[in-house]
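All residue numbers for the sequence shown refer to numbering that gives the first Met the number 0, where the first residue is 0 and numbers rise by one. All C-beta atoms, glycine included, are put in the ideal place defined by N, C-alpha and C. First comes the structure, then the notes that go with it.
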Amino acid sequence: MRVVVTGGAGFIGSNITDALLDAGHDVCVIDNLDPRGGGRPDHVSTSARFEQVDIRDRHRVEEITRSFQPEVVCHQAAQTSVVRSVRDPAYDADVNVVGMLSVLNAAVASAARRVVFASSAATYGTVERLPIDEATPQRPISPYGMTKLIGERYLQFFAREHGLEFTILRYGNVYGPRQNPDGEGGVVAIFVSRFLRKDGVTINGDGEQTRDFIYVGDVARANLLALDAGCNTAFVVGTGVQTSVTGIYAALADITGCEPRVTHAPRRSSDALRSYFDPVKASTGLGWRAEVPLADGLRRTVSYYAEALGRR
Ligand SMILES: NC(=O)c1ccc[n+]([C@@H]2O[C@H](COP(=O)([O-])OP(=O)(O)OC[C@H]3O[C@@H](n4cnc5c(N)ncnc54)[C@H](O)[C@@H]3O)[C@@H](O)[C@H]2O)c1
Numbered sequence: 000m001r002v003v004v005t006g007g008a009g010f011i012g013s014n015i016t017d018a019l020l021d022a023g024h025d026v027c028v029i030d031n032l033d034p035r036g037g038g039r040p041d042h043v044s045t046s047a048r049f050e051q052v053d054i055r056d057r058h059r060v061e062e063i064t065r066s067f068q069p070e071v072v073c074h075q076a077a078q079t080s081v082v083r084s085v086r087d088p089a090y091d092a093d094v095n096v097v098g099m100l101s102v103l104n105a106a107v108a109s110a111a112r113r114v115v116f117a118s119s120a121a122t123y124g125t126v127e128r129l130p131i132d133e134a135t136p137q138r139p140i141s142p143y144g145m146t147k148l149i150g151e152r153y154l155q156f157f158a159r160e161h162g163l164e165f166t167i168l169r170y171g172n173v174y175g176p177r178q179n180p181d182g183e184g185g186v187v188a189i190f191v192s193r194f195l196r197k198d199g200v201t202i203n204g205d206g207e208q209t210r211d212f213i214y215v216g217d218v219a220r221a222n223l224l225a226l227d228a229g230c231n232t233a234f235v236v237g238t239g240v241q242t243s244v245t246g247i248y249a250a251l252a253d254i255t256g257c258e259p260r261v262t263h264a265p266r267r268s269s270d271a272l273r274s275y276f277d278p279v280k281a282s283t284g285l286g287w288r289a290e291v292p293l294a295d296g297l298r299r300t301v302s303y304y305a306e307a308l309g310r311r
């Protein structure tokens, strides 16, 4: 199958690209290597076509997509920082709404069959009942959560208006090799790189806030299954287990044998307190379930960063 992966130079997009290539698909990556994101040219396999283009450049995106003729567009490119979305909601909307519309228009213009969309637990905000499933009301509290939810609504509109199929994957807290440790999002990547350098770590609030930490290989596999299964519906993509930030610290201390100094900072008001998913719909609708337990995923992540640090 021919697949366009937007954001394919980033953490999740490049892992999806590798999984697609391994499964024998042809891939075209569209990514602008945004210096504030996790995109790196060396993340992109030389077996994929790579176009360094901003998704907001609608003419170039349409031109590339028309020439590649994908059956599926896997839309991962985004402004991914909750903090930045709070500071600059207009930029967040520009990339996550206007940019996404340019990708959807290109999908229609090139007669693609389906768009698979990277949505987020952030679309739920603070919920009344846990675990979160697909029927939980979506009440985002950050601009990032709002624009991801608007993206979902546009997919429904494009399906009605143009017959473009969609599959929405609402990821939990994704971690694993290639996550940007310099950003604000990935607590695992930040912690692992600081544990390995024996630097202190900062925990926002008391560290008891929980997330559903999901290994990137499991997320890539969900995207592959969504090429065909799960038409015009949404799935939460998580393990069904909640882990606190303190729990991540303890697991990494166990794996690395280090216990770096902890500094506490104020909790961010745009972050939900507790969050984890009930992924049962993904098992029936996509034939997917998380396969990598947290301890294994963390071990693989530590090995990846240890090797990367050794190369420097
Ligand atoms: N990491 C997580 O835990 C998580 C959780 C939920 C949802 N998501 C979503 O998954 C997707 C991938 O996130 P990630 O963690 O791999 O982040 P990432 O920053 O590593 O990847 C995003 C990619 O998008 C590219 N990009 C950004 N703006 C662009 C633009 N205007 N034009 C073209 N490319 C652009 C970046 O260069 C980068 O390569 C995003 O849509 C994100 O919102 C991530």
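- Query: With contact counted as at least three CB pairs below 8 angstroms, one residue from each stretch, are the segment 74-87 and the segment 29-48 in contact?
  - Reply: yes
- Task: Verify the contact flag: R55, CB atom, against every heavy atom of ligand 1, threshold strictly below 7 angstroms.
- Result: Walking along the sequence shown from the start, residue 55 turns up at place 56. Because some heavy atom of ligand 1 lies under 7 angstroms away, the Cβ of R55 counts as near it: yes.
- Query: Roughly how many angstroms lie between the CA atoms of S141 and Q241, to the nearest whole one?
  - Reply: Position 142 of the sequence shown, counted from the first residue, corresponds to residue 141. Position 242 of the sequence shown, counted from the first residue, corresponds to residue 241. Their backbone Cα atoms lie some 21 angstroms apart in a straight line.
- In angstroms, rounded to a whole number, what distance separates the CA positions of T45 and V96? In the sequence shown, residue 45 corresponds to position 46, counting from 1. In the sequence shown, residue 96 corresponds to position 97, counting from 1. Their backbone Cα atoms lie some 30 angstroms apart in a straight line.
- Look at the alpha carbon of S282 and the alpha carbon of D295, and state the distance between them as a whole number of angstroms. Taking the sequence shown and counting its residues from 1, one reaches residue 282 at position 283. Taking the sequence shown and counting its residues from 1, one reaches residue 295 at position 296. When the Cα atoms are used, S282 and D295 turn out to be separated by approximately 21 angstroms.
- Message: Give me the DSSP bridge partner(s) of S119.
- Response: For the purposes of this step, residue 119 is identified with residue 120 of the sequence shown, where counting begins at 1. According to DSSP, S119 bridges with Y170.
- Item | For Y214, three-class secondary structure by DSSP | Start at 1 with the first residue of the sequence shown, and residue 214 comes out as number 215. Correct three-state label for Y214: strand.
- Message: On the CB-based measure, 16 or more other CB atoms within 10 Å of its CB, does T201 come out buried or exposed?
- Response: As a working note, residue 201 is residue 202 in the sequence shown. Counting Cβ neighbours within 10 Å, T201 comes out exposed, since fewer than 16 surround it.
- Task: Can you say whether V191 is buried or exposed, counting buried as having 16 or more other CB atoms within 10 angstroms of its CB?
- Result: By one-based count along the sequence shown, residue 191 stands at place 192. Buried, by the Cβ-count rule.
- Message: Quick check on DSSP: helix, strand or coil for N196?
- Response: Residue 196 sits at position 197 when you count from the first residue of the sequence shown. The amino acid occupying residue 196 in the given sequence is Arg; Asn does not appear at that position. If DSSP states are grouped into helix, strand and coil, R196 belongs with the helices.
- How far does the beta strand (DSSP E) with R48 in it reach, from first residue to last? In the sequence shown, residue 48 corresponds to position 49, counting from 1. Unbroken beta strand (DSSP E) run through R48: 48-50.
- Less than 7 angstroms between the CB of L297 and some heavy atom of ligand 1, yes or no? Locating residue 297 in the sequence shown gives position 298, counting from the first residue. Short note on L297: C-beta not closer than 7 angstroms to any heavy atom of ligand 1.
- For V97, name the three-state secondary structure that DSSP assigns. Counted from its first residue, the sequence shown places residue 97 at position 98. It is helical.
- Runs of alpha helix (DSSP H) wholly within the segment 239-284 (minimum 4 residues, chain order): 244-255, 279-284
- Query: Between F67 and Q178, is the Cβ-Cβ spacing less than 8 angstroms?
  - Reply: Locating residue 67 in the sequence shown gives position 68, counting from the first residue. Locating residue 178 in the sequence shown gives position 179, counting from the first residue. It is not a contact, given that the beta carbons lie outside the stated cut-off.
- Task: Starting from the C-beta of A250, find all residues in its chain whose C-beta is less than 7 angstroms away, skip the five residues before and the five after it, and write them out in chain order.
- Result: Here the question's residue 250 lines up with position 251 in the sequence shown. L293, A294, L297.
- Element boundaries [alpha helix (DSSP H), containing I11]: Working through the sequence shown from its first residue, we reach residue 11 at position 12. That run of the alpha helix (DSSP H) goes 10-21.
- Message: Just to confirm before moving on: does the CB-CB distance between V107 and H161 stay below 8 angstroms?
- Response: Here residue 107 corresponds to residue number 108 of the sequence shown, with the count starting at 1. Here residue 161 corresponds to residue number 162 of the sequence shown, with the count starting at 1. Cβ distance < 8 angstroms, so V107 and H161 count as in contact.
- Mind checking whether the beta-carbon of L163 lies closer than 7 angstroms to any heavy atom of ligand 1? For the purposes of this step, residue 163 is identified with residue 164 of the sequence shown, where counting begins at 1. No, the beta carbon of L163 sits no closer than 7 angstroms to any heavy atom of ligand 1.
- Go ahead and pull the three-state DSSP assignment for N104. Within the sequence shown, residue 104 is the residue found at index 105, counting from 1. Helix, per DSSP.
- Message: Using a 10 Å radius around the Cβ and a threshold of 16 neighbouring Cβ atoms, would you call S302 buried or exposed?
- Response: Position 303 of the sequence shown, counted from the first residue, corresponds to residue 302. When all chains shown are included, S302 counts as exposed.
- Whole angstroms is fine: what's the gap from F272's alpha carbon to A120's? Taking the first residue of the sequence shown as position 1, residue 272 is located at position 273. Taking the first residue of the sequence shown as position 1, residue 120 is located at position 121. Note that residue 272 is Leu in the sequence shown, not Phe. If you take the alpha carbons of L272 and A120, they lie about 12 angstroms apart.
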